[in-house]
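Under the working numbering, the letters of the sequence shown match residues 130 to 312, in that order. Below: the structure, in structure tokens.
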Amino acid sequence: MSDNDILQLLPEIDEISDASLRSKTAEALSLAIQRGGWTAKNIQHAPVTITWKGCSCNLIEHIRVVTQLCIANYNCLSKFYVANGAPLDWDTVVCGALLHDLGKFTEFTWSAGGVTYSENAHLMRHPLSGAVMAAQCGLPDTIVHLIATHSFEGDASVKTAESAFVRAIDDFAFKCTVFGLEK
Ligand SMILES: [Fe+2]
């Protein structure tokens with residue numbers, strides 16, 4: 130998929146203020162989508178989860194929900210915490226939200242039979258594979274850290290404010306999509 134295709138899928142990329150970070154974000158998404166075997170024709174089948182049956186949204190929709198919730202919450206903090214502003218770096222929050230589940234594009238794979246875990250999913254759960262791909266694309270350590278620590282892999286780790294922020298919102302958004310469903 131071209132950078133323009135990625136931008137069509139995830140228009141929130143344009144919210145990143147730094148041009149270089151914007152470009153690396155699109156590059157990382159393009160790499161993960163291509164590496165996972167996803168195309169314009171099947172990308173809507175890329176899942177948030179296959180453990181929970183009947184999840185109401187796909188991976189692109191989940192990433193957009195998390196990113197838009199992060200933006201809305203950041204703006205709310207900035208509005209009311211006027212004295213010090215939101216104690217978070219804007220570009221790290223937006224880029225981190227867009228890339229937090231980067232590894233899910235390679236954790237799952239699509240075939241005629243439907244979506245399954247990919248061969249190495251048990252070795253490279255999405256926080257690990259996503260962090261590796263982000264580093265390969267030259268994203269800064271703050272983003273690599275955020276991806277690596279956004280799920281239970283990060284439980285025992287130091288977490289930046291941006292990582293803790295995206296992680297909390299992702300957790301909320303994920304629970305909303307699986308509420309009432311069974312594994
Ligand atoms: Fe997520």
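The C-beta atom is built at its ideal place from N, Cα and C for all residues, glycine as well.
* Closer than 8 Å, CB to CB, is Gly259 near chain B or not? -> Annotation note: the requested chain B is absent from the structure, which comprises a single protein chain.
* Asked: Quick one, which of Val194, Glu311, Leu228 has its alpha-carbon nearest Thr278's?
  -> Residue 278 sits at position 149 when you count from the first residue of the sequence shown. Ranking the options by Cα distance to Thr278, first place goes to Leu228.
* Lining residues of ligand 1 - beta-carbon closer than 6 Å to any non-hydrogen atom, in sequence order -> His191, Val195, His229, Asp230, Asp299, Phe303
* Asked: Closest to Gln265 by CA distance: which of Ser159, Tyr246, Ser185 is it?
  -> Here residue 265 refers to the residue found at position 136 when the sequence shown is read from its first residue. Comparing Cα-Cα distances from Gln265 to each of Ser159, Tyr246, Ser185, the minimum goes to Ser159.
* Leu252 beta carbon less than 8 Å from that of Glu282 -> Locating residue 282 in the sequence shown gives position 153, counting from the first residue. Locating residue 252 in the sequence shown gives position 123, counting from the first residue. It is not a contact, given that the beta carbons lie outside the stated cut-off.
* To do: Measure the Cβ-Cβ separation of Ala226 and Cys199 and say whether it is below 8 Å.
  => Residue 226 sits at position 97 when you count from the first residue of the sequence shown. Residue 199 sits at position 70 when you count from the first residue of the sequence shown. Yes. Within cutoff.
* Asked: Going by Cα to Cα distance, which pick from Val195, Ala169, Trp181 is closest to Leu310?
  -> On the sequence shown, position 181 is the one that residue 310 refers to. Of the listed residues, the one whose Cα sits closest to Leu310 is Trp181.
* Asked: Exposed or buried, what is Val287 when buried is set at 16 or more other beta-carbons lying within 10 Å of its beta-carbon?
  -> Here residue 287 corresponds to residue number 158 of the sequence shown, with the count starting at 1. Exposed, since its Cβ has fewer than 16 Cβ neighbours within 10 Å.
* Please state if the CB of Ile145 and the CB of Ile172 are separated by a distance shorter than 8 Å. => Mapped onto the sequence shown, residue 172 falls at position 43. Mapped onto the sequence shown, residue 145 falls at position 16. No, the pair does not count as a contact, with Cβ atoms beyond the cut-off.
* Which full runs of the alpha helix (DSSP H) of 4+ residues lie inside the region 146 to 213, going along the chain? -> 148 to 164, 188 to 209
* Asked: From Cys186, Tyr210, Asn204, Ile276, pick the residue whose C-alpha is nearest to that of Arg254; which is it?
  -> Along the sequence shown, one-based indexing puts residue 254 at 125. Here the closest residue by C-alpha is Ile276.
* **Proximity of Ile314 and Val195 at Cβ, strictly below 8 Å** => Residue 314 is absent from the model: the chain starts at 130 and stops at 312.
* Please report the residue range of the alpha helix (DSSP H) in which Val295 lies. => The residue given as residue 295 occupies position 166 in the sequence shown. Taken as a continuous stretch (DSSP letters only), the alpha helix (DSSP H) holding Val295 covers 290 to 307.
* Residue range of the beta strand (DSSP E) that includes Phe237 -> Here residue 237 refers to the residue found at position 108 when the sequence shown is read from its first residue. Here the beta strand (DSSP E) through Phe237 covers 237 to 240.
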